[in-house]
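Take a look at the structure below.
There are 2 protein chains.
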Amino acid sequence: MNAQTPDKSRATFEEMRRILRELPGPDQEAVTAVVHRESQLTKPAGALGRLEQIAEWLAGWQGRARPQVERPRIAVFAGTHGVAARGVSAYPPEVTQQMVQNFLSGGAAINQLAQAIDADLRIYELDLAHPTADFTRGPAMSEARAANAMAYGMMAAEPGIDLLCLGEMGIANTTTAATLCAALFGGRGIDWAGPGTGVQGEALQRKIAVIDEALVRHKDLIGTHDPLDLLAAVGGEEFAAIAGAVLAARMGRIPVLLDGFACTTAAAVLWAIDRRALAHCLVAHRSAEPGHTRLLETIGQRPLLDFGMRLGEASAAALAVPLLKAAAACHNGMATFAEAGVSSKSS
Amino acid sequence: MNAQTPDKSRATFEEMRRILRELPGPDQEAVTAVVHRESQLTKPAGALGRLEQIAEWLAGWQGRARPQVERPRIAVFAGTHGVAARGVSAYPPEVTQQMVQNFLSGGAAINQLAQAIDADLRIYELDLAHPTADFTRGPAMSEARAANAMAYGMMAAEPGIDLLCLGEMGIANTTTAATLCAALFGGRGIDWAGPGTGVQGEALQRKIAVIDEALVRHKDLIGTHDPLDLLAAVGGEEFAAIAGAVLAARMGRIPVLLDGFACTTAAAVLWAIDRRALAHCLVAHRSAEPGHTRLLETIGQRPLLDFGMRLGEASAAALAVPLLKAAAACHNGMATFAEAGVSSKSS
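Residue numbers (the working numbering), protein chains in the order written: chain A, 1 to 347; chain B, 1 to 347.
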């Protein structure tokens, strides 16, 4: 780990805020080199569309003129939520731990997707045996617990990996995501809630009511607009861990692919503090969860894919990895007009 | 090759029409097996979104309950166009042959993309030394030439491959595509023309005028609404070859990924004859070429990607292959709720 990673047992929000004040920018020299080379490759200018923008982005955040995606890591953070007891999910709370076992034995979607792209898949378990508190009654967790979860998440951004895909598992965490989005960006339950694992009708109305209840409970804190305090109040451990991973990746020059609604919400905590904080992140996919589209508009991110997925567990992030590999492969491997003896534009 | 492939030196449109009358449907038993298994996998129902639809589609057209994409082929058809002499492209006509050389020496985008997915890349050269005639003055080619090109294209759908990615190279062929679309589906040059390799301003106006000139020249034939006759009149050899490849893939139970505007136009010739003809095809990507969006709406296809690409050479089709591999991998590899000991939905 790099020197700026706090000791995870003594992490504080103040330390996280200090790191946020030191965010490095992209390597402009690498970006310039990519833009220059792009113009010489055997294709009409701009004809590879977003693949060209991805090559520039990868180069800028990896800090090298020839970007590569050869050592991608997929980090899935699992957390348990007190609010799950309120019946906001279509599945019982114990499914979080059961799915962690499924990840460890290779049976989940993310296992197949990680294998298909030959990525290093790591499952990071937060304190699953001790769910966060039901945030309709008080804060979900203390600052210490949230800051420690952030520090734990930072471990995912290990030196040597060249892309970090982030995702989560946590029954009830679309309720957490919706509440956190409303607390950070305004609006009410109806604006941010969606079916999640598949709730509808009366159950969806209950989910919306639970979110509104939490927003009333924490209205004074919401008025202070402190994103890290809101993360502790109405977030979850996996959200804090993902925010930590995003932050550590920035310091370690590792580009990040964000997965769906819960994952993007976690990263958006940093965006709420500093608008530059997610410049090294792309969102892999527009989730079918309606709150995600609203969030993407808020933070100004255009997802790579729109496949109607709503699974989490970094599945969409893993799905998008070959698109980044392709961008790097085209940029690095194509011949220039001069090398190939192809006539340039006549006009 | 299967028995229904005509001798390519004596092919006729009548033979193609006969094949079109015998189009096989999907394997419904395989589709049913996939749908049944999907419902048991460890994820909320429908949570993999379009990946689930892709698994069903692959199974139906491969005719097996466990679809695979292990032997994909990328077929790029190159053709030369008499209308190129009218200055409708940003590049001189000789770039078609130069790019074929670039494909053969491994320097083009499609070479990098094919390598990234370990696909079998084949370049199919039509009669490059003899461009089709300028279709503003008469028919682009005879029925015999078009039918022979179709038969040549059929060779790409060899038994043993499990996915066929189609694309093209041909300076001026977005002019050909726009003209063919207008002839098949109505509208004028302004409705279907776009920048192609990058023409704008006066050059784009000239391109539009050339298309309108061709539509006037062939107005009697257009009135007969015979898609194959229109293909010969205002098409190109690579368009005929792609139509042939799509048809042969259908007969050989090989799903097809279509690339961009020119490629989809070629396939749409078959759709204009029979609305079921492209059920085994997916469009990989929405081209930045505006006519493609209009064409996709016409034939009712929703592309997998929207990356603003406009290169052709099957680049977007190759880019989308890992999405299909991922769909198959999830479907085949995931554990069921029972296998993983995960609780099912509680409601």
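Backbone N, C-alpha and C fix where the C-beta goes; we use that ideal spot for every residue, glycine too.
Report task. Less than 8 Å between the CB atoms is what I'm expecting for L163 of chain B and V69 of chain B, so what's the real figure, rounded? Result -> The residue given as residue 163 of chain B occupies position 163 in the second sequence. The residue given as residue 69 of chain B occupies position 69 in the second sequence. Rounded, the Cβ-Cβ distance is 5 Å, consistent with contact.
Return no unless some Cβ of chain B is closer than 8 Å to the Cβ of C330 of chain A. The residue you call residue 330 of chain A lines up with position 330 of the first sequence. At least one CB of chain B lies nearer than 8 Å to the CB of C330 of chain A.
Quiz item: Apart from the five residues just before and just after S347 of chain B, which ones in its own chain have a Cβ nearer than 6 Å to its Cβ?
Solution: Sequence index remark: in the second sequence, residue 347 of chain B carries index 347 (1-based). With a pLDDT of only 43 at S347 of chain B, under 50, the local geometry of the prediction cannot be trusted, and the value read off the model is given with reservation. Apart from sequence neighbours up to five positions away, no residue of its chain approaches S347 of chain B with a beta-carbon distance below 6 Å.
Y91 of chain B - DSSP class collapsed to helix/strand/coil | Looking up residue 91 of chain B in the second sequence gives position 91. DSSP places Y91 of chain B in coil when its eight states are reduced to three.
In this structure, how does DSSP classify L20 of chain A when only helix, strand and coil are distinguished? Your numbering for residue 20 of chain A matches position 20 in the first sequence. Residue state for L20 of chain A is assigned as helix, using DSSP reduced to three classes.
Paired residues, beta bridge with D120 of chain B - DSSP:
As a first step, residue 120 of chain B must be located in the second sequence, where it is residue number 120. Under DSSP, D120 of chain B shares a beta bridge with B:R73.
- Query: From I242 of chain A to M154 of chain A, what does the alpha carbon distance come to, in whole angstroms?
  - Reply: Within the first sequence, numbered from 1, the residue matching residue 242 of chain A stands at position 242. Within the first sequence, numbered from 1, the residue matching residue 154 of chain A stands at position 154. Within the model, the alpha-carbon separation for I242 of chain A versus M154 of chain A is close to 8 Å.
| request: Quick one: list the residues of chain A neighbouring E94 of chain B, beta-carbon separation under 7 Å, in chain order. | output: For the purposes of this step, residue 94 of chain B is identified with residue 94 of the second sequence, where counting begins at 1. Near E94 of chain B (Cβ distances below 7 Å), the residues of chain A are S343.
**Prompt:** N102 of chain A versus chain B: which residues are under 7 Å apart at the beta carbon?
**Reply:** Translated into the one-based positions of the first sequence, residue 102 of chain A becomes position 102. Neighbours of N102 of chain A on chain B, chain order: T42, A335, A340 and V342.
Using a cut-off of 7 Å between C-beta atoms, extract the partners of P67 of chain A located in chain B.
Here residue 67 of chain A is taken as the residue at index 67 of the first sequence, counted from 1. Neighbours of P67 of chain A on chain B: none; closest Cβ ~13 Å, over 7 Å.
Exercise. Could you name the residues of the same chain whose beta carbon sits closer than 8 Å to that of A182 of chain B, not counting the 5 residues immediately before and after it, in chain order?
Key: Here the question's residue 182 of chain B lines up with position 182 in the second sequence. Answer for A182 of chain B: R188, G189, D191, W192, I211 and L215, listed in chain order.
request  = Enumerate in chain order the residues of its own chain whose CB-to-CB distance from P24 of chain A is below 8 Å, with the five nearest sequence positions on each side excluded.
outcome  = Position 24 of the first sequence, counted from the start, is the residue given in the question as residue 24 of chain A. The residues are R250, M251 and R253.
In chain order, what residues of the same chain have a beta carbon less than 7 Å from the beta carbon of R66 of chain A, not counting five sequence neighbours either side?
Numbered from its first residue, the first sequence carries residue 66 of chain A at position 66. These residues qualify, in order along the chain: N332.
- Message: So, for A327 of chain A: in the same chain, excluding its five sequence neighbours on each side, which residues have a beta-carbon less than 6 Å away from its beta-carbon?
- Response: Sequence index remark: in the first sequence, residue 327 of chain A carries index 327 (1-based). The residues L51, I54 and A55, in chain order, have a CB closer than 6 Å to that of A327 of chain A in the same chain once the five nearest residues on each side in sequence are set aside.
Exercise for the section: Starting from the C-beta of V88 of chain A, find all residues in its chain whose C-beta is less than 6 Å away, skip the five residues before and the five after it, and write them out in chain order. Expected result: As a first step, residue 88 of chain A is located in the first sequence; it is residue number 88 there, counting from the start. These residues qualify, in order along the chain: A172, T175, K207 and V210.
Exercise. In its own chain, which residues sit with a C-beta less than 7 Å from the C-beta of T293 of chain B, not counting the 5 before and 5 after it?
Worked result: As a first step, residue 293 of chain B must be located in the second sequence, where it is residue number 293. Closer than 7 Å at the Cβ level, and outside the excluded window around T293 of chain B, lie R286.
Discussion item. Just to confirm, is the Cβ distance from L126 of chain B to F77 of chain B under 8 Å?
Written reply: As a first step, residue 126 of chain B must be located in the second sequence, where it is residue number 126. As a first step, residue 77 of chain B must be located in the second sequence, where it is residue number 77. Contact flag set, yes.
Worksheet item: Counting contacts by CB-CB distance shorter than 8 Å, is R50 of chain B in contact with chain A?
Response: Here residue 50 of chain B is taken as the residue at index 50 of the second sequence, counted from 1. For R50 of chain B, the answer is yes, since a Cβ of chain A falls inside 8 Å of its Cβ.
Three-state secondary structure (DSSP) of H81 of chain A
The residue given as residue 81 of chain A occupies position 81 in the first sequence. Three-state result, H81 of chain A: strand.
My output table needs one value for G160 of chain B: the three-state DSSP class, helix, strand or coil. As a working mapping, residue 160 of chain B is identified with position 160 in the second sequence. Note: G160 of chain B maps to coil in three-state DSSP.
Q | Per DSSP, the bridge partner or partners of M348 of chain A | A | Since the first residue shown for chain A is 1 and the last is 347, residue 348 of chain A is missing from the structure and cannot be characterised.
* Asked: So is A3 of chain A in contact with chain B if we call contact Cβ pairs under 8 Å?
  -> Here residue 3 of chain A corresponds to residue number 3 of the first sequence, with the count starting at 1. Any reading at A3 of chain A must be qualified, since the residue scores a pLDDT of 41, below 50, and its modelled position is unreliable; no value is offered.
ask   = Can you tell which of B:G167, B:H130, B:A129 and B:P227 has the C-alpha that lies nearest to the C-alpha of R122 of chain B?
value = Here the question's residue 122 of chain B lines up with position 122 in the second sequence. Closest in C-alpha terms to R122 of chain B, from the list B:G167, B:H130, B:A129 and B:P227, comes B:G167.
| message | Using 8 Å as the cut-off, can you tell me whether the region 268-276 of chain B makes contact with the region 308-316 of chain B, which would need three or more C-beta pairs spanning the two stretches below that distance? | response | Between the region 268-276 of chain B and the region 308-316 of chain B there are fewer than three inter-stretch CB-CB distances shorter than 8 Å, so the stretches are not counted as touching.
- Query: Just how far apart, CA to CA, sit P139 of chain B and M16 of chain B?
  - Reply: As a position in the second sequence, residue 139 of chain B is number 139, starting the count at 1. As a position in the second sequence, residue 16 of chain B is number 16, starting the count at 1. For P139 of chain B and M16 of chain B, the distance between alpha carbons rounds to 20 Å.
Which of helix, strand or coil DSSP assigns to V199 of chain A = Here residue 199 of chain A refers to the residue found at position 199 when the first sequence is read from its first residue. It is coil, neither helix nor strand.
Please report the residue range of the beta strand (DSSP E) in which L126 of chain A lies. Within the first sequence, the letter at position 126 stands for residue 126 of chain A. From DSSP, L126 of chain A is part of no beta strand (DSSP E); its letter is neither H nor E.
_Would you say A90 of chain A lies against chain B (beta-carbon separation less than 8 Å)?_
For the purposes of this step, residue 90 of chain A is taken as the residue at position 90 of the first sequence. Yes - at least one Cβ of chain B is within 8 Å of the one on A90 of chain A.
Proximal residues of chain B, C-beta to C-beta of F307 of chain A below 7 Å:
Numbered from its first residue, the first sequence carries residue 307 of chain A at position 307. Ordered by position in chain B, the residues that pass the 7 Å Cβ test against F307 of chain A are G49, R50 and L51.
Does any residue of chain B have a CB that is nearer than 8 Å to the CB of R310 of chain A? Here residue 310 of chain A refers to the residue found at position 310 of the first sequence. Yes, its Cβ sits closer than 8 Å to a Cβ of chain B.
query: Residues of chain A with a CB under 9 Å from the CB of L23 of chain B: which are they?
result: As a first step, residue 23 of chain B is located in the second sequence; it is residue number 23 there, counting from the start. Those do not exist, as L23 of chain B stays about 28 Å from chain A at its closest Cβ, beyond 9 Å.
- For A341 of chain B, which option in A:R64, A:Y152 and A:G107 has the closest C-alpha, if you only look at C-alpha atoms? For the purposes of this step, residue 341 of chain B is taken as the residue at position 341 of the second sequence. It should be noted that the sequence gives Gly, not Ala, for residue 341 of chain B. The shortest Cα separation from G341 of chain B among A:R64, A:Y152 and A:G107 belongs to A:G107.
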